[in-house]
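K.L.:
Supplied in structure tokens, the structure appears directly below.
Residue numbers (the numbering used here): 29 to 303.
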């Protein structure tokens, strides 16, 4: 083989290698979700919290949990009979202490977020759209028959198997999943265009196996429903739902209230680093 042919062969091989390298880099960049201006304020095994404040009065937080590496768990006040008609209320700070009491040598409480819809008129109170916690069906929900027809959803997760789902309401999900939280469709009109405290949840499939290994919570003290949906889309959520908001919205990170609420609530969601 002539020297000229050898040089051309080396150049061609180098070109192929460079192309393969850039193809690999392009794929990796596309696989990493954009954060749309959110800045990470907490990084722990399986848990990240992001913060954005575009206006002095507006706070937005995104909590991302890889539930194959971390855990989420439903926390409730005292449940009166199962299935229950009533659950006692607690402050979010009390729920934080409940979460800390569940720390072990391999997992540690990092975040507590307010949970599902309930009646503010009573204590103990009813749960509007259903709740199952730690394998026990608390209630199927008092509002299923006559509130938001066709727009009720469930956020269901299996902490041990490490996957989650958001789907139209059905009692079937209470049978299939150990943890179920009643929710509303992300487009259900809860004063949609008004700037209010809001809590949303989204799910994401990171490896294409059609199981959602990542859960994403949105918390804000001043947002429209569209803001919550757009933020979750920025983090590549493939489905989302609305949790309770207004005066119930709150988030505590590492013991510090980032959105504080004095309202007592019957249910919260704890996030633990590790498993």
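All C-beta atoms, glycine included, are put in the ideal place defined by N, C-alpha and C. Please read all numbers here as calculations on a predicted model, not as lab measurements.
#1: Flag this pair as touching only if the region 246-255 and the region 207-227 have three or more C-beta atom pairs under 8 Å; answer yes or no.
#2: Tell me residue 104's beta-bridge partners as DSSP assigns them.
#3: For residue 169, which residues from the same chain have a beta carbon less than 7 Å from its beta carbon, with the 5 sequence-adjacent residues on both sides left out?
#4: Between the C-alpha atoms of residue 206 and residue 240, what's the straight-line distance to the nearest angstrom?
#5: At which residue ranges does the region 185-210 contain complete beta strand (DSSP E) runs of 3 or more residues, listed in the order of the chain?
#6: Using only CA atoms, which one of 86, 87, 81, 92 lies nearest to residue 75?
#7: Is it right to say residue 59 is buried, meaning 16 or more other beta carbons lie within 10 angstroms of its own, or is it exposed?
#8: With H, G and I counted as helix, E and B as strand and the rest as coil, what does DSSP make of residue 269?
#9: Could you compute how far the alpha carbon of residue 280 sits from the alpha carbon of residue 203?
#10: Per DSSP, residue 95 is paired with what?
#11: For the pair the region 117-127 and the region 271-288, tell me if three or more CB-CB distances fall below 8 Å.
#12: Going by the beta-carbon positions, is the gap between residue 297 and residue 143 smaller than 8 Å?
#13: Let me check understanding here. Comparing Cα to Cα, which of 100, 199, 72 lies closest to residue 165?
#14: Could you tell me the distance, in whole angstroms, from the CA atom of residue 212 to the CA atom of residue 180?
#15: Using DSSP with H/G/I as helix, E/B as strand and the rest coil, what is residue 123?
#16: For residue 312, does the count of other Cβ atoms within 10 angstroms reach 16, so buried, or fall short, so exposed?
#17: Can you give me the Cβ contacts of residue 151 inside the same chain, cut-off strictly under 7 Å, excluding the 5 residues immediately before and after it?
P.N.:
Based on what the coordinates show:
#1: yes
#2: 295
#3: 155, 156, 157, 158, 210
#4: 16 Å
#5: 191-196
#6: 92
#7: Note that residue 59 scores 40 on pLDDT, short of 50, meaning its location in the model is unreliable; the coordinates nonetheless yield the value given after this. Burial call: exposed.
#8: strand
#9: 31 Å
#10: Answer is none; residue 95 lacks a bridge partner.
#11: yes
#12: yes
#13: 199
#14: 5 Å
#15: helix
#16: The chain is shown only over 29 to 303; residue 312 falls outside these bounds and no answer can be derived.
#17: 116, 117, 292
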